[in-house]
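Chains A and B, in that order, give the protein sequences.
Per the UniProt record's numbering, the first sequence starts with residue 1, numbered consecutively.
Per the UniProt record's numbering, the second sequence starts with residue 1, numbered consecutively.
Below you'll find the structure, written out as structure tokens, and then a few comments.
2 protein chains.
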Amino acid sequence: MAFTERSAAARRAILAAARESFATTGYEQSTIRSIAAAAGVHSSMVIRYFGSKSDLFVATVANESPIPEVGDLDDFGARFARRFVEYWEGSDCAGPGALLRVAPTHQDAAEQVQAVFDRLIAGPVRVALAGDPDVERRVALLVATAVGFVYTRHILRLEPVASIPPEALVPALAATFQSHLTGPLAAEPAGRGDEGRGRE
Amino acid sequence: MAFTERSAAARRAILAAARESFATTGYEQSTIRSIAAAAGVHSSMVIRYFGSKSDLFVATVANESPIPEVGDLDDFGARFARRFVEYWEGSDCAGPGALLRVAPTHQDAAEQVQAVFDRLIAGPVRVALAGDPDVERRVALLVATAVGFVYTRHILRLEPVASIPPEALVPALAATFQSHLTGPLAAEPAGRGDEGRGRE
Numbered sequence: 001m002a003f004t005e006r007s008a009a010a011r012r013a014i015l016a017a018a019r020e021s022f023a024t025t026g027y028e029q030s031t032i033r034s035i036a037a038a039a040g041v042h043s044s045m046v047i048r049y050f051g052s053k054s055d056l057f058v059a060t061v062a063n064e065s066p067i068p069e070v071g072d073l074d075d076f077g078a079r080f081a082r083r084f085v086e087y088w089e090g091s092d093c094a095g096p097g098a099l100l101r102v103a104p105t106h107q108d109a110a111e112q113v114q115a116v117f118d119r120l121i122a123g124p125v126r127v128a129l130a131g132d133p134d135v136e137r138r139v140a141l142l143v144a145t146a147v148g149f150v151y152t153r154h155i156l157r158l159e160p161v162a163s164i165p166p167e168a169l170v171p172a173l174a175a176t177f178q179s180h181l182t183g184p185l186a187a188e189p190a191g192r193g194d195e196g197r198g199r200e
Numbered sequence: 001m002a003f004t005e006r007s008a009a010a011r012r013a014i015l016a017a018a019r020e021s022f023a024t025t026g027y028e029q030s031t032i033r034s035i036a037a038a039a040g041v042h043s044s045m046v047i048r049y050f051g052s053k054s055d056l057f058v059a060t061v062a063n064e065s066p067i068p069e070v071g072d073l074d075d076f077g078a079r080f081a082r083r084f085v086e087y088w089e090g091s092d093c094a095g096p097g098a099l100l101r102v103a104p105t106h107q108d109a110a111e112q113v114q115a116v117f118d119r120l121i122a123g124p125v126r127v128a129l130a131g132d133p134d135v136e137r138r139v140a141l142l143v144a145t146a147v148g149f150v151y152t153r154h155i156l157r158l159e160p161v162a163s164i165p166p167e168a169l170v171p172a173l174a175a176t177f178q179s180h181l182t183g184p185l186a187a188e189p190a191g192r193g194d195e196g197r198g199r200e
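As structure tokens, then:
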């Protein structure tokens, strides 16, 4: 193998070991040393390729993102909702789930959540919405909605959120995400924003 | 004082001591014994009036609810948003904040969150929306949105949610809550729900 192939193989092995470790052992208990051992490399190689444990975590999550490319904004809400629900109903979310579980009481984990969101969603959405004066509010609504669903459904298991079938959740989330991204926002801060849409 | 007045005074003293304890010491560290001592009553009186520590917590929160009466559904989103933001920006939310912080890693705390939500919001909203076939999805969206904002803004302090001024947050939340309650929901589960609203 050429040098670059060897290094690519080592990176893949490290990412796979890290994913496994974060998912089964949790973020806190996973160490660079144990991940390196599982990947069959020296700890220094993990540091060289990925930096810190937290950087490695971000790389692991970014590598199997629950967030699709932003692409066409007009159907991003639907694409995001499908991938988001599929991801969190599946078995690959144990590592990110462990991170979100400890983040409220561990500042470093909360910083990793921030890094993951910046890289995977806030950054790309800011680019896609460039020029929109409400871009920060739109990103905030999007992130808060996504985080809210993960906490209520998968971490706290609050009812009725926990029991909604995935196929009923996807369209509701799709509409909510899309509305946050491209729908009319509420009245400007000065307004009262309570025009009351009425029932239809 | 008549018996009922004495018992009302004792209840108030217990609730005040519990609120103070949950806010300053946190949910986990607060004990029936320490709350009783602070209220100047015997532990057995706390148990008699409120049941367990977790029941006492629910009573404490219910007593200064961040959720207004549902009342007229057509402007409940706006009223809820104003009260919700005011509450979480204020200083009275330390106890509930402490509960939400430990809930992801403490099942009993998660059950208290469920009890608070059932009592303060899911129950009343179910009554107000009786007959609506989508009531469970509406309640779920409402609860997930509210929880999402508390976790992103106040617990994880994720940007850009953490930095949005309250006066910009209120109308955005008002519109979102109202839409979840009385707006058109996305297509039925069988549909793809991605008609794409387009930008307006």
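Idealized CB from N, CA, C, for every residue including glycine.
Bear in mind that the values here come from a model prediction, so they are computed numbers and not experimental data.
Residues of chain A with a Cβ closer than 9 Å to the Cβ of isoleucine 164(B) are, in chain order, Glu136, Arg137 and Ala140.
Between arginine 11(A) and tyrosine 49(A), the C-beta spacing is below 8 Å. DSSP, read as helix, strand or coil, puts alanine 174(A) in helix. Check the Cα spacing between proline 124(A) and each of Phe57(A), Ile32(A), Glu69(A) and Thr182(A): the tightest is with Glu69(A). Here phenylalanine 149(A) really is in contact with alanine 144(B); their C-beta atoms are around 5 Å apart, less than 8 Å. With respect to the C-alpha of valine 147(B), the residue from Ile14(B), Gln114(B), Leu129(B) and Pro160(B) having the closest C-alpha is Gln114(B). DSSP places leucine 15(A) in the helix class (H, G or I) of the three-state scheme. With respect to the C-alpha of arginine 153(B), the residue from Tyr87(B), Ala37(B), Thr105(B) and Gly131(B) having the closest C-alpha is Tyr87(B).
Around the Cβ of histidine 180(A), a 10 Å sphere holds 16 or more other Cβ atoms; the residue is buried.
Contact between the stretch 31–47 of chain A and the stretch 101–121 of chain A is not established, with fewer than three Cβ pairs separated by less than 8 Å. Per the coordinates, the alpha-carbon of serine 21(B) lies some 41 Å from the alpha-carbon of valine 170(A).
In this structure, the CA atom of phenylalanine 177(B) is about 8 Å from the CA atom of phenylalanine 80(B).
Apart from sequence neighbours up to five positions away, the residues of its chain that approach proline 104(A) with a beta-carbon distance below 8 Å are Ala110, ordered along the chain.
Taking 8 Å as the upper bound for CB-CB distance, leucine 120(B) and isoleucine 155(B) are not in contact here, some 19 Å apart.
Near chain A, meaning a CB-to-CB distance below 7 Å, the residues of the stretch 104–117 of chain B are Pro104, Thr105, Ala110, Val113, Gln114 and Phe117.
Residue range 107–117 is occupied by the alpha helix (DSSP H) that includes glutamine 112(A). The beta carbons of valine 58(B) and valine 116(B) sit closer together than 8 Å.
Per DSSP, the unbroken alpha helix (DSSP H) holding valine 147(B) starts and ends at 135–149.
For phenylalanine 177(B), the closest Cβ of chain A is not nearer than 8 Å. 8 Å or more divides the Cβ of lysine 53(B) from the Cβ of serine 34(B). Rounded to whole angstroms, the gap between the alpha carbons of leucine 141(A) and alanine 174(B) is 12 Å. For phenylalanine 149(B), the chain A residues whose C-beta falls within less than 8 Å of its own C-beta are Ala144 and Gly148, listed in chain order. Scanning Tyr151(A), Asp74(A), Ile32(A) and Val102(A) for the CA closest to the CA of glycine 183(A) turns up Asp74(A). Counting only residues of its own chain and dropping the five nearest sequence neighbours on each side, alanine 17(A) has a CB closer than 7 Å to the CB of Ile35, Ala38 and Ala39.
Unbroken alpha helix (DSSP H) runs of no fewer than 4 residues, entirely contained in the stretch 48–89 of chain B, are found at 53–63 and 76–89, following chain order. The beta-carbon distance between glycine 95(B) and alanine 23(B), rounded to whole angstroms, is 4 Å. This is short enough to meet the 8 Å contact definition. Not flagged as an interface residue toward chain B: glutamate 28(A), since no C-beta distance is shorter than 8 Å.
Under the Cβ criterion of 8 Å, threonine 152(B) is counted among the residues facing chain A. For alanine 172(B), the closest Cβ of chain A is nearer than 8 Å.
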